[in-house]
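Before any comments, here is the structure.
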Ligand SMILES: [Mg+2]
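Residue numbers (the numbering used here): 1412 to 1641.
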């Protein structure tokens, strides 16, 4: 059985800017400052790394950032609820995601889970808005570590508890839309499936040496063959 570790934003779901808008409100509430939020590259980073990166960019020190961290996430999740409600019915899974999940959930070769930079509560909310809640039995989140590379071992541990068996990282596949997802796979000895439904083109992603690049996840049979390493 293989771990299939899905990123969320740009891979499973496009939440139409809800996360960024919510983070902006939370940072204004807690820190009174958002740093260079309009130009900052959010893609592939964990939520805590985004907040830290934005504040460091305007010369905040970690000692100044740390005290507001907890309150930021409470405020963020409340704002995310509002932002997603405003986009009600428009947040959908990206092409092919629904069919692919249906196939791999019913295939005992695969254990589908999440490896995402979202806080766990943010992940649940974004997946819920796209009708994908309850589809992943385990995962690791930005709320577990600021560094994406730390997340696959945590996801594996949780999968092992859930399935009551061991999983191998060499047969695991990280599915994501950014160079950071590819690096995260490599850092953990996992395979990387890159999909260009986020900000990065297939060509850009190819430069980072993933095992496969797909324009989207809609060719279910081909994606499943890659995941199974056939
Ligand atoms: Mg992503």
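Glycine is no exception: its CB is placed at the ideal position from the N, C-alpha and C atoms.
*Based on Cα-Cα distance, which residue from 1603, 1599, 1418 and 1514 lies nearest to residue 1635?*
1514
*Any idea if residue 1509 is buried or exposed, counting beta-carbon neighbours within 10 angstroms, 16 or more meaning buried?*
buried
_Contact set, ligand 1 heavy atom to C-beta under 7 angstroms_ = 1418, 1419, 1420, 1421, 1422, 1454, 1455, 1587, 1588, 1589, 1592 and 1609
*With DSSP collapsed to three states, give me the class of residue 1480.*
Per DSSP, reduced to three states, the secondary structure at residue 1480 is helical.
*asked:* Quick check: what's the CA-CA separation for residue 1448 versus residue 1590?
replied: Looking at the two C-alpha atoms, the distance is approximately 20 angstroms.
*Where does residue 1550 fall in DSSP's three states?*
Strand.
*Quick one: using the 10 Å Cβ neighbour count with 16 as the cut-off for buried, is residue 1468 buried or exposed?*
exposed
_Would residue 1640 and residue 1418 be called neighbours here (beta carbons separated by less than 8 angstroms)?_
no
_By DSSP's criteria, residue 1420 is part of a beta bridge. Which residues make up the other side?_
Bridge partners of residue 1420: 1424.
*For the candidate residues 1535, 1459 and 1437, whose alpha-carbon lies nearest to that of residue 1489?*
For residue 1489, the nearest C-alpha among the options comes from 1437.
*Using 10 angstroms around the beta-carbon of residue 1482, count the other beta-carbons present and answer buried if the total reaches 16, otherwise exposed.*
With fewer than 16 Cβ atoms within 10 Å of its Cβ, residue 1482 is classed as exposed.
*Taking contact to mean at least 3 C-beta pairs separated by less than 8 angstroms, is the segment 1573-1591 in contact with the segment 1441-1456?*
yes
*Quick one: what's residue 1526 bridged to in DSSP?*
1551
*Can we say the segment 1425-1432 touches the segment 1527-1541, given the rule of at least three CB pairs closer than 8 angstroms?*
yes
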